[in-house]
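**Student:**
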């Protein structure tokens, strides 16, 4: 029995030692792995992946490859892993005025690519005392006292900084968003049909086209869609070649009118003003008359037995739909009134009214002819 108990104790001790050894082996393995990783990272950031070649591509006709590399702050021998690409890109944009975009890409194991595009003047940004020349991406190229011909003029942006090389920005956050939406959409369209943009009120932007069309865009939401919709309306056969006003109705509709009057709402009653008429139906025209002539006219009207009132000619035309052209014409406001009285006194103290005529060029003429003798 004693031998059996001793054997059991030895077996229990042996199992504990085995488990302890396994735990120690795991710890040793982890330590070795960390040492290897540390050594590998150290070697990679010091000896491996160092730059041996820098390649420059893109539109860089104003600057040499050496100038672009120098502006990036990158040198041969620098480590690719330790390189801050975004910082180098911004350094190029800040140092080289006529570089629009810069992209720095690592090419492992030992090469670096720098791709740049040149700035193209695209917009005039007027700020009252002067005009900023701005690129397609919104970079300030010059602070001029004049407007560059052939480029759209943007009013009401209120730039916060006029320094060339900086990105155009407004103190008004909403105007800043509206500005970048506008120039992005206008650049994407790649046409020169827009002459001016007034964004003094960023919620009521007005675009003036070279063909004489004025587009009331509204706010800057969906600018690209709105500009494309305006182009579609201007190319419509019923609108093409005309001058007038385009107005956004809601978010998906655009109306065309030849005048800048209020847009008619379908189903709403049109408010009209009837011309003022006298007791006989003739339009009242404000003008100065000779007192004696007025007295004679009143006497004639009092003795007149019958009258024929005139009717004002009115026309309402509303070609609504995709192109809403509305015009109100009332000819009764343009009258040419003439009163003719060929009368004479006879020897027997009588007064003869030979012919009397009232002429209203609005379309109706009432003739009054009488051969009457009035005794006095």
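Residue numbers (my numbering): -8 to 367.
All C-beta atoms, glycine included, are put in the ideal place defined by N, C-alpha and C.
For residue 238, which option in 224, 68, 178 has the closest C-alpha, if you only look at C-alpha atoms?
**Tutor:** If we check each option's Cα against that of residue 238, 224 comes out closest.
**Student:** Hey, residue 185 and residue 143 are a contact pair by Cβ (cut 8 angstroms); roughly how many whole angstroms apart?
**Tutor:** Contact holds; Cβ gap of about 5 angstroms.
**Student:** Taking all protein chains shown into account, do 16 or more other C-beta atoms lie within 10 angstroms of the C-beta of residue 122, making it buried, or fewer, making it exposed?
**Tutor:** Classification for residue 122: buried.
**Student:** Taking the straight line between their C-alpha atoms, what separation do you get for residue 156 and residue 196?
**Tutor:** Between residue 156 and residue 196, the C-alpha separation is close to 27 angstroms.
**Student:** Please look up how many angstroms separate the CB atoms of residue 105 and residue 42, rounded, as I've assumed it's under 8 angstroms.
**Tutor:** In fact, because the Cβ distance is near 11 angstroms, the residues do not count as touching under 8 angstroms.
**Student:** What's the gap between the Cα of residue 93 and the Cα of residue 33?
**Tutor:** About 30 angstroms.
**Student:** Using a Cβ-Cβ cut-off of 6 angstroms (strictly less than) and excluding sequence neighbours within five positions of residue 102, which residues of its own chain qualify?
**Tutor:** Closer than 6 angstroms at Cβ, skipping near neighbours: 44.
**Student:** Can you tell me whether residue 164 is buried or exposed? The criterion is at least 16 other CB atoms within 10 Å of its CB, across all chains shown.
**Tutor:** The residue is exposed, with fewer than 16 neighbouring Cβ atoms inside 10 Å.
**Student:** Determine whether the beta carbon atoms of residue 198 and residue 145 lie at a separation below 8 angstroms.
**Tutor:** No, these two residues do not count as a Cβ contact at 8 angstroms.
**Student:** Spatial neighbours of residue 134 within its chain, please: C-beta separation below 7 angstroms, excluding the five flanking residues on both sides.
**Tutor:** Taken in chain order, the residues that qualify are 121, 123, 153, 155.
**Student:** Can you name, in chain order, every residue of its own chain whose Cβ lies under 7 angstroms from the Cβ of residue 114, other than the five neighbours on each side?
**Tutor:** The residues are 125, 142, 143, 145, 174.
**Student:** With DSSP as the reference, label residue 212 as helix, strand or coil.
**Tutor:** Looking at residue 212 - three-state DSSP - the assignment turns out to be coil, as it is neither helix nor strand.
**Student:** Roughly how many angstroms lie between the CA atoms of residue 336 and residue 250, to the nearest whole one?
**Tutor:** Any reading at residue 336 must be qualified, since the residue scores a pLDDT of 44, below 50, and its modelled position is unreliable; no value is offered.
**Student:** Going by DSSP, name the residue or residues bridged to residue 239.
**Tutor:** Answer is 245, bridged to residue 239.
**Student:** Is the region 61 to 77 close to the region 6 to 14, with three or more CB pairs under 8 angstroms?
**Tutor:** Too few Cβ pairs lie closer than 8 angstroms, so no.
**Student:** I need the boundaries of the beta strand (DSSP E) containing residue 125, first residue and last residue.
**Tutor:** Counting along the chain, the beta strand (DSSP E) containing residue 125 begins and ends at 122 to 126.
**Student:** Taking DSSP as the reference, what is the three-state secondary structure of residue 78?
**Tutor:** Note: residue 78 maps to helix in three-state DSSP.
**Student:** Determine the burial state of residue 18: buried for a count of at least 16 other Cβ atoms within 10 Å of its Cβ, exposed for fewer.
**Tutor:** Classification of residue 18: exposed, given that the 10 Å Cβ count is below 16.
**Student:** Measuring alpha carbon to alpha carbon, tell me which of 204, 158, 160, 214 ends up nearest residue 179.
**Tutor:** Cα-wise, what sits closest to residue 179 is 214.
**Student:** Taking just the CA atoms, how far does residue 159 sit from residue 132?
**Tutor:** Distance between the alpha carbons of residue 132 and residue 159 is about 10 angstroms.
**Student:** Does the Cβ-Cβ distance between residue 170 and residue 161 come in under 8 angstroms?
**Tutor:** A contact, by the Cβ cut-off of 8 angstroms.
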